[in-house]
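Take a look at the structure below.
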Amino acid sequence: MALSASVGVILLEREPTTGQDEIESETDSQEMNETHDDAHLHPPPEVIVITVEDDGSSIFIDGIVQHLHPTEVELHAIVNEQATLSTFPDLDGLWNFIINTDDSDIFDINITATHAPDNTQSAVQTLNVVREQTNSDDPNNTTNDTSSDNNTGNQADNNTGNETNNGTDDSNDNNTGNETNNGTDEPTDPTQPTNNSTDMGQFWLDVFRCQPGQNIPAVDDLTTTAIETHECSVELTMNETHITIVTNGLPDHDFESTLACSQGNDCTRAQNYEWTIPRSPINDTTGGHDATNCPEANGDYECAAALGEVAIAINGVPFYGPEDGPGGDAVASQHGAYEEDRQPIELGVCHAHNGQGGTFHYHADANCLHWHPDEGETILDYDTSTPAAVAQNTANGSHSAVIGVAMDGYPIYGLWGYDEQMNIVEMRSSYELKEGETGYNGIDDYVYVQDLGHLDVCNGHFGPTPDFPDGIYHYHSTMMNGDGQMGFPYFLLCYHGETFLDEGGGDADCSGFGETWGPGIGPPPEGCEGGGPRTQVDDLQLVSEDITPYLSMNILSLIVGLMLFAYSLKKK
Numbered sequence: 024m025a026l027s028a029s030v031g032v033i034l035l036e037r038e039p040t041t042g043q044d045e046i047e048s049e050t051d052s053q054e055m056n057e058t059h060d061d062a063h064l065h066p067p068p069e070v071i072v073i074t075v076e077d078d079g080s081s082i083f084i085d086g087i088v089q090h091l092h093p094t095e096v097e098l099h100a101i102v103n104e105q106a107t108l109s110t111f112p113d114l115d116g117l118w119n120f121i122i123n124t125d126d127s128d129i130f131d132i133n134i135t136a137t138h139a140p141d142n143t144q145s146a147v148q149t150l151n152v153v154r155e156q157t158n159s160d161d162p163n164n165t166t167n168d169t170s171s172d173n174n175t176g177n178q179a180d181n182n183t184g185n186e187t188n189n190g191t192d193d194s195n196d197n198n199t200g201n202e203t204n205n206g207t208d209e210p211t212d213p214t215q216p217t218n219n220s221t222d223m224g225q226f227w228l229d230v231f232r233c234q235p236g237q238n239i240p241a242v243d244d245l246t247t248t249a250i251e252t253h254e255c256s257v258e259l260t261m262n263e264t265h266i267t268i269v270t271n272g273l274p275d276h277d278f279e280s281t282l283a284c285s286q287g288n289d290c291t292r293a294q295n296y297e298w299t300i301p302r303s304p305i306n307d308t309t310g311g312h313d314a315t316n317c318p319e320a321n322g323d324y325e326c327a328a329a330l331g332e333v334a335i336a337i338n339g340v341p342f343y344g345p346e347d348g349p350g351g352d353a354v355a356s357q358h359g360a361y362e363e364d365r366q367p368i369e370l371g372v373c374h375a376h377n378g379q380g381g382t383f384h385y386h387a388d389a390n391c392l393h394w395h396p397d398e399g400e401t402i403l404d405y406d407t408s409t410p411a412a413v414a415q416n417t418a419n420g421s422h423s424a425v426i427g428v429a430m431d432g433y434p435i436y437g438l439w440g441y442d443e444q445m446n447i448v449e450m451r452s453s454y455e456l457k458e459g460e461t462g463y464n465g466i467d468d469y470v471y472v473q474d475l476g477h478l479d480v481c482n483g484h485f486g487p488t489p490d491f492p493d494g495i496y497h498y499h500s501t502m503m504n505g506d507g508q509m510g511f512p513y514f515l516l517c518y519h520g521e522t523f524l525d526e527g528g529g530d531a532d533c534s535g536f537g538e539t540w541g542p543g544i545g546p547p548p549e550g551c552e553g554g555g556p557r558t559q560v561d562d563l564q565l566v567s568e569d570i571t572p573y574l575s576m577n578i579l580s581l582i583v584g585l586m587l588f589a590y591s592l593k594k595k
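Going by the numbering used here, the sequence shown opens with residue 24, and the numbers climb by one from there.
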């Protein structure tokens, strides 16, 4: 059986389209950045559909919303009066929906845009996508186009803002992310085999990449001009209670070292990391923790490091905390949410770069691990231009796969997960900037707002996943919060489970090399004088071999001076 598709687009109740130059002129004259109040209203948003494509398994809809504050607008798509999708446009007003289904059907898709601060709504844009089933074995088979262009569009006044769930009600589920239709009228249920959440040993052996005997690709540092052949390495060992992870910290995809390499010739190179996590994760119920790096947790949970390693990607690369070397929000700085004037910071593809000593790490996202580019594309086609664009890189109508493990042994998933109704949505964090703050001081500038997004104070939640249908506590990578702003803390801010980080003995905690300590930053923690974590002492070089002669001359001069001084005293 083969599928063919025809697309009809009906735009209902649209006023004449305003030219882009006029929009920009209006924006300038009405001061785009001023705050909202009762006397500051805007024309309702206008939805424009640019393209509609159907490949037989997914329907792709792209468009633009015209409004003076596009990032404050939420778009909704209702498919056949049943499935509801939502998304936010980017700074330029661009948006898209992806509806994943291989059904042969007529799809009526109604798209509206709501601006909650002004309680206004766009006219309804109606699309008819007709997907007809054909019998490829019958040459005489014919199909009849049954699509109808007679949609009357009998919606109520679209500027009243009275539509249910238009972003202005008191529901805790407002503005919590993009939804993708799974092609059925019922919510998606996990269907994969159940893993044992009380013994994660086999699960992590199955999930981690770059282990001996696996296919390990050679990857290139795209910051350099040379074509390189870096290879990742991961080894797992375990006993009844602990799992030890030893890696060289190199990724299994092409990457960018960025400024440390291009400006300081300090490019990504192999490390010697060793981490220990619980084999059977359990929730932390003890409390009484130092809350310095996660004040919103109030000491209930152990804080993750503000700078340095907080978790491990399944390719052995460390996840770092949200802050950069100076102490600001590295990801917000990358996306222009504030200007970092203390030290240049640049994140490469997948929001990663390397610190001093060649320590490659992710500050956010890390979903390059599960991005499958189309033929002819490269890793540089992975779109990190805006926070809103990132989730679409891995949007396939399914729950995201695991991207890493936290130090408490709980898994970290990508950007897509299940909400309380088992719809697949882009997971949103529940942190927002404090009033008047910009992210310049990192963690101190953010406040946790319960139910703003899907996730808790640590950036995780308990619920089913494809790997654990019966439920497990897990974290998510986040790029936006429930209001469509920066998705701080991006990976996690504290550990919901117990860790082995404060166990005595073993190696010193040398995390944060190149971020909190190292050349030009500050002295190392006790026990870390060799370089980075279990690092490459062989790479250290003597700065100058001329130090000793100069030192000898200074000592000789001092001795002669003292002798002359003593002789003068004796004469007196």
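Don't be surprised by glycine CBs; every beta carbon is placed ideally from N, CA and C.
These numbers were taken from a predicted model, which means no experiment stands behind them.
Residues that DSSP places opposite residue i in a beta bridge
i: I402; result: Bridge partners of I402: none, in fact.
i: G261; result: It should be noted that the sequence gives Met, not Gly, for residue 261. Answer is I266.
i: S109; result: H99
i: V75; result: I84
i: H477; result: DSSP lists no partner for H477.
i: F383; result: N377
i: H497; result: H484
i: L611; result: Residue 611 is absent from the model: the chain starts at 24 and stops at 595.
i: Y471; result: Y454
i: V70; result: V88
DSSP three-state assignment for residue i, whether helix, strand or coil
i: G505; result: coil
i: P396; result: coil
i: I466; result: helix
i: E552; result: Residue placement at E552 cannot be trusted, given a pLDDT of 44 that sits under 50; what the coordinates show is reported in the next sentence. E552 falls in the coil class under three-state DSSP.
i: C233; result: coil
i: E319; result: helix
i: T417; result: helix
i: C290; result: coil
i: V372; result: helix
i: N123; result: strand
i: N238; result: coil
i: T522; result: coil
i: D141; result: helix
i: C391; result: helix
i: T94; result: helix
i: T309; result: coil
i: T461; result: coil
i: F511; result: coil
i: D244; result: strand
i: A360; result: coil
i: C255; result: coil
i: F491; result: coil
Sub-8 angstroms separation of residue i and residue j beta-carbons
i: L438; j: T417; result: yes
i: H422; j: P489; result: yes
i: I300; j: M430; result: yes
i: M509; j: V413; result: no
i: G483; j: L515; result: yes
i: I87; j: L117; result: yes
i: R302; j: T260; result: no
i: I426; j: A389; result: yes
i: Y471; j: E319; result: yes
i: I466; j: N219; result: no
i: T281; j: T246; result: yes
i: G381; j: D275; result: no
i: I134; j: L98; result: yes
i: N306; j: H477; result: no
i: T267; j: S256; result: no
i: N142; j: Q415; result: no
i: V354; j: P367; result: no
Residue i - containing alpha helix (DSSP H), residue span
i: G224; result: 224 to 230
i: A283; result: 282 to 285
i: I355; result: The amino acid at residue 355 is misidentified as Ile; the sequence shows Ala. From DSSP, the alpha helix (DSSP H) with A355 extends over 353 to 357.
i: A412; result: 410 to 413
Endpoints, beta strand (DSSP E) assigned at residue i
i: P341; result: 341 to 343
i: A136; result: 129 to 138
i: P301; result: 296 to 301
i: P434; result: 434 to 436
i: G440; result: 439 to 441
i: G427; result: 425 to 429
i: E251; result: Counting along the chain, E251 falls outside any beta strand (DSSP E), and DSSP gives it neither H nor E.
i: A327; result: Element bounds for A327: n/a, residue is neither H nor E.
i: E449; result: 447 to 449
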